[in-house]
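Per the numbering used here, residue 190 is the first one in the sequence shown, and the count goes up by one each step. No residue lacks a Cβ here, since even glycine has one placed at the ideal position from N, Cα and C. Source: prediction; values computed, not measured.
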Amino acid sequence: MMKKKSVSARKASLVLFLCQMISALDVPLDSKLLEELSQPPTITQQSPKDYIVDPRENIVIQCEAKGKPPPSFSWTRNGTHFDIDKDAQVTMKPNSGTLVINIMNGGKAEAYEGVYQCTARNERGAAVSNNIVIRPSRSPLWTKEKLEPNHVREGDSLVLHCRPPVGLPPPIIFWMDNAFQRLPQSERVSQGLNGDLYFSNVQPEDTREDYICYARFNHTQTIQQKQPISVKVFSMDSLNDTIAANLSDTDIFGAKPVTERQPVLLTPTGSTSTKVELRGNVLLLECIAAGLPTPVIRWIKEGGELPANRTFFENFKKTLKIIDVSEADSGNYKCIARNRLGSAHHVISVTVKAAPYWITAPRNLVLSPGEDGTLICRANGNPKPDISWLANGVPIAIAPEDPSRKVDGDTIIFSHVQERSSAVYQCNASNEYGYLLANAFVNVLAEPPRILTPANKLYQVIADSPALLDCAYFGSPKPEIEWFKGVKGSILRGNEYVFHDNGTLEIPVAQKDSTGTYTCVARNELGKIQNEVHLEVKDPTMIIKQPEYKVIQRYGQASFECVIKHDSTLLPTIIWLKDNAELPDDERFLVGKDNLTIMNVTDKDDGTYTCIVNTTLDSVSASAVLTVVAAPPTPAIIYARPNPPFDLELTGQLERSVELSWIPGDENNSPITNFVIEYEDGLHEPGVWHYQTEVPGTQTTVQLKLSPYVNYSFRVIAVNEIGRSQPSEPSEQYLTKSANPDENPSNVQGIGSEPDNLVITWESLKGFQSNGPGLQYKVSWRQKDVDDEWTSVIVANVSKYIVSGTPTFVPYEIKVQALNDLGYAPEPSEVIGHSGEDLPMVAPGNVQVHVINSTLAKVHWDTVPLKTVRGHLQGYKVYYWKVQSLSRRSRRHVEKKILTFRGNKTFGMLPGLEPYSSYKLNVRVVNGKGEGPASPDKLFKTPEGVPSSPSFLRITNPTLDSLTLEWGSPTHPNGVLTSYILKFQPINNTHELGPLVEIRIPANESSLILKNLNYSTRYKFYFNAQTSVGSGSQITEEAITIMDEVQPLYPRIRNVTTAAAETYANISWEYEGPDHANFYVEYGVAGSKEDWKKEIVNGSRSFFVLKGLTPGTAYKVRVGAEGLSGFRSSEDVFETGPAMASRQVDIATQGWFIGLMCAVALLILILLIVCFIRRNKGGKYPVKEKEDAHADPEIQPMKEDDGTFGEYSDAEDHKPLKKGSRTPSDRTVKKEDSDDSLVDYGEGVNGQFNEDGSFIGQYSGKKEKEPAEGNESSEAPSPVNAMNSFV
């Protein structure tokens, strides 16, 4: 039991090792390269294993081989060395291993019988041929024998034995008479497989004396004849007459009349027999029965069906023939002989054995020093064949040891090979029914790089189209390929290039600046070589003025323009088509340099006209329709279409031509301009008429060219300026003779649909293209760059063939040739296809990240081995995601982003990163099948950046000479804040700015009292945060110090906030001033000098939605009021979101949700009104109670009866509300002090305006305690603040 586990473990490790093997080198099929590379011998031609020769002619035993250096040859005979120099009758052809044994000059073929084997050897190994058994053919004479005449009674059975002499190969038997005429055979009389002639029952007409059996020996072209056999049949009437004449009248005797008999089997005898046949051979089973009437033979297979398409009946159903037998055909076959008196049967037990046949034959390996590889030899048979290995013709057990070689059953594993590891290995698979011998070499090459592409090759392409620059190469180890542009250019990298594994450089979108000289460099450890090619990028050809749709009256003039623009170095040609065919040969059609004019248009000019512009590099086209309408009617002559021609006649019928004549019909006042001849192919497309040709209206006969194997009928249509006549009656039919196909299928392709197949497709020939019956296709394929023979199948009625069991993603040469019953079409051209792709096997390694700045990183990786890609390399995908922000240390939902880098790239840029954050990424290779495994996750961090603007800036508590500033930290600090910078300057009544003062404030501060200010003076403040990297965006605000007397209430707009999406932004603000103000919103691109764009706000709403914005763009915005000159808010800056590839449906933009939110808002508004009414009536609510409990002793609330405010907030209540809350501008209400505040219903930073301006996120039921991120403030106005906080 332990031993079995050990074997299983070794097999598992072997499978794992084979999965990790590096595939062998691909050697390009370049004739010059192949002549220079060293190569072990390969047997290219040899005689058959069983070689029967004509003893009268010289014996030629073939053995041809190739190799570098050319191999030498030697032979063995019957297992020992055959010294041809010692035998004058034996010579070897020059530069060949083929032996010629001279029999015609005195040699005897029998002396050279034996088993021969050829060995081809050079310094890199030795290849051996099959064992070739030489036997002379023999055609011995018949042994002399005395043949007695056969006297047989009518109705009895008879067997005439042939017993031919034993020849080599066995002779072909047939029966003839003295006149050398074959004897007729039927269900009653037939020849058996052994050559005997069987009579189920004899008839009087069978009497003759010249039944002669002949044996034909094909090898010696001789025929041997047996002595004639005499048969005499006695009928009952003649026999009774003879008996009566020789007996007295008293004797009572007479022959019995012919008696009918039930069937009895003549061969085989008995009730059962056995038969053994080999796989792939033809199985022949025979049953011949005697009986009267003549029995009929029927065959069945017990417990199964006879195989369809492979079963045939011969010799009047007495012989069952099954071709290409397999193990599934084993079983019991019963023959049943039956006539009206009964039946007889015989069961033949068939066993199908199999000589060895290949499952996987070993294939040549070309490796670089240090590489790994395998030779696999798998065969099957019945019984299972034994596998044995030889190295250079010597059993591997006694061959010189090679430390890089390990034999494991049917597999040889090579590890870390060296040049001395080169050898030729033979795999022998044998059982009792035969053997297979295959040579496969291991060629270890160490070659410096070579570039096979011609130097200074010129490539020309059109701008914005792909450019492919070739660099075919070879080297061992496989060279690395690099491309440079210009003489001293740097190596080419980046998304704009694709590097193919065959060395080709692809520029997917070539531009004018791509023009230049490109250098390909191939290097490996043995050397370096380079080659230059040149690329010219041309301007595309364009039609700058296209033809336009025209409606023209009959007999008018139509003109179409086609003005083009093209590259000055390209010569364009312009072609005009009508309905996708050539223009009519009519002088009315005038083709100019850039126009087409049609004079005197008629109804037949109706159609689509196309202008096609061609250059050597591109082609463009444009089309327009011409509609011809009737001219105003005239009372003159009535014109009509002509009557159809009649009396069609075919004369001068030839294989490829015929003459057609006809009589025109009435012209109907409009001369016939031409006749159109159409044909119908009654053989392939009955009922379908095709255009054949046209002739002028003055011609009534035409010589027509024909195609083979078409049953033609013709009809003629007359045409005048009015239109076309009805078709004539069809002519008589004419069937042309068959011929070989003239052409092969088009659009031949080979693309695998699965990793182990190759799907070959083509466009089938049309019916008349077959040129004859029995149209079929010969589909041929072989693996490219491998010394394999073509594999071919012949198929019919299909346009696809699937080759199974192919290696994954390897190139194949493919061709499809048409054939019919008469022969083949010309040799087709070859196309290159690939077997199916599979998912990549390995992940990119050595992933490195280089952080360039706080928002950009560059990732590098090593390319995966191209053999592990197992498909067309599409590129690499980088998955990356943010782990956490280093400033907040708070994790969030991981949203992975994907960037795809086309081609064989080794690096890529990751834009749009967030500063001061931790990220992870991995890399995967992509082919046409999908993605490979991911590389291990790589962690990297972005450095600090500049912060965003402070979340808000409030200016409160204005006095005669001071103002209090409060602010919130930036929403995105992007690092560690070091300080705040405050700048301010006074503004006079003419809006002129005074001197600017700057103050630096520690980062841990959130408020500041500015003192020593001028009274009754407006100030403008600029406020921003700083990190160690620099200053962020600033926020601005304006405020005014108070006078020593109450100032009138000035209107003002405060706390302009934005909530930006990808293409729109919700703008909201707070307004204090006279009622019924009409607002407007102005916006523009931040930093731009363009004029502000203005949008009018309907009604007196305090929100607006800006639409049609550009994703990823910074905008500036401000709000103003109509009718108040110069009155507008301070500027705010926001940035739209980046463009996304796809977006889920936002519930906030759905109509039902908006309606629900409006209903909720209406209910809340009603509640607020009720609360306000109750408050005015003196009712206390939680907010009121807390305000009363914290009353400011310095400021007393105004009373309702004197028109002053009844509520105010304490200066200690300066806490920010949630984003979007609409509260007084100078103060905020603390959440702890207002139990019924709307703050309790917010969602923190997620609260925002929807696209339609409705406020969402504030009524979700969550009670967040995080600070707000906006610039809004909320505060109940005091009498003084309310009057002095407006400008």
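Between residue i and residue j, how many whole angstroms is the CB-CB distance? I'm expecting something under 8 angstroms.
i	j	result
Asp-645	Glu-737	Reading off the sequence, residue 645 comes out as Asn, not Asp. With a Cβ gap of about 47 angstroms, Asn-645 and Glu-737 do not count as contacting.
Lys-727	Ala-656	Contact doesn't hold; Cβ gap of about 11 angstroms is too wide.
Thr-995	Ser-1024	4 angstroms
Glu-1227	Lys-1209	5 angstroms
Val-790	Val-740	Not really, about 11 angstroms apart at Cβ, beyond 8 angstroms.
Ser-665	Leu-634	4 angstroms
Asn-528	Gly-469	Actually they are not in contact, since the Cβ atoms of Asn-528 and Gly-469 sit about 37 angstroms apart, beyond 8 angstroms.
Trp-364	Leu-386	5 angstroms
Ile-911	Ser-859	5 angstroms
Leu-556	Val-606	5 angstroms
Gly-1097	Leu-1110	With a Cβ gap of about 10 angstroms, Gly-1097 and Leu-1110 do not count as contacting.
Ile-991	Asn-946	6 angstroms
Which residue marks the beginning of the beta strand (DSSP E) containing residue i, and which one marks its end?
i	result
Lys-1094	Counting along the chain, Lys-1094 falls outside any beta strand (DSSP E), and DSSP gives it neither H nor E.
Val-710	705 to 713
Thr-816	808 to 818
Cys-751	Premise fails: Cys-751 is in no beta strand (DSSP E) and is neither H nor E.
Glu-503	500 to 503
Trp-547	531 to 549
Asn-528	520 to 528
Gly-185	No answer is possible for residue 185: the residues shown for the chain start at 190 and end at 1476.
Arg-567	567 to 571
Ile-731	Residue identity check: residue 731 is Met in the sequence provided, not Ile. 731 to 734 is the extent of the beta strand (DSSP E) around Met-731.
Count the other CB atoms, across all protein chains shown, that sit within 10 Å of the CB of residue i; report buried if there are 16 or more and exposed otherwise.
i	result
His-879	exposed
Asp-1051	exposed
Tyr-1260	buried
Thr-890	exposed
Trp-951	buried
Val-1083	exposed
Asn-1193	exposed
Cys-402	buried
Gln-410	exposed
Lys-1004	buried
Ser-679	exposed
Arg-1143	buried
Cys-476	buried
Phe-835	exposed
Tyr-624	buried
Ala-586	exposed
Trp-979	exposed
Tyr-1272	buried
Going by DSSP, what residue range makes up the alpha helix (DSSP H) through residue i?
i	result
Leu-626	Run containing Leu-626: none in the alpha helix (DSSP H); it sits in the beta strand (DSSP E), 623 to 633.
Thr-1057	1055 to 1058
Quiz prompt | Contained alpha helix (DSSP H) runs [length at least 4] in the stretch 1207 to 1279, N- to C-terminal order | solution = As far as the stretch 1207 to 1279 is concerned, it has no whole alpha helix (DSSP H) run of at least 4 residues.
Would you call the stretch 320 to 330 and the stretch 362 to 379 touching, i.e. three or more CB-CB distances under 8 angstroms?
For the pair of segments examined, the stretch 320 to 330 was found not to touch the stretch 362 to 379: the number of CB pairs separated by less than 8 angstroms stays below three.
> With a cut-off of 8 angstroms, do at least 3 Cβ pairs link the stretch 530 to 543 to the stretch 454 to 465?
Replying inline: Short answer: they touch.
I want to know whether the stretch 1050 to 1067 touches the stretch 1024 to 1035 - three or more CB-CB distances under 8 angstroms.
Look at the beta carbons and you see the stretch 1050 to 1067 touching the stretch 1024 to 1035: at least three pairs across the two are nearer than 8 angstroms.
With three or more C-beta pairs closer than 8 angstroms as the rule, is the stretch 243 to 257 touching the stretch 300 to 309? The answer is yes - the stretch 243 to 257 touches the stretch 300 to 309, with three or more Cβ pairs under 8 angstroms.
| request: Would you check if the stretch 1087 to 1106 and the stretch 1001 to 1021 touch, i.e. whether three or more CB-CB distances between them fall below 8 angstroms? | output: The stretch 1001 to 1021 vs the stretch 1087 to 1106: no contact.
Notebook entry, point to check: Touch check for the stretch 540 to 555 and the stretch 608 to 623: three-plus C-beta pairs under 8 angstroms?
Noted result: The stretch 540 to 555 makes contact with the stretch 608 to 623, as at least three CB pairs between them are under 8 angstroms.
Is the stretch 1115 to 1130 close to the stretch 1207 to 1225, with three or more CB pairs under 8 angstroms?
Contact between the stretch 1115 to 1130 and the stretch 1207 to 1225 is absent: fewer than three C-beta pairs spanning the two stretches fall below 8 angstroms.
_Does the structure place the stretch 271 to 282 close enough to the stretch 233 to 243 that three or more beta carbon pairs sit under 8 angstroms?_
Output reads no: the stretch 271 to 282 does not touch the stretch 233 to 243.
Review point. What are the start and end residues of each continuous beta strand (DSSP E) run of 3 or more residues lying completely inside the stretch 970 to 1046, in chain order?
Key: Qualifying beta strand (DSSP E) stretches, in chain order: 980 to 984, 989 to 993, 1000 to 1009, 1020 to 1023, 1034 to 1042.
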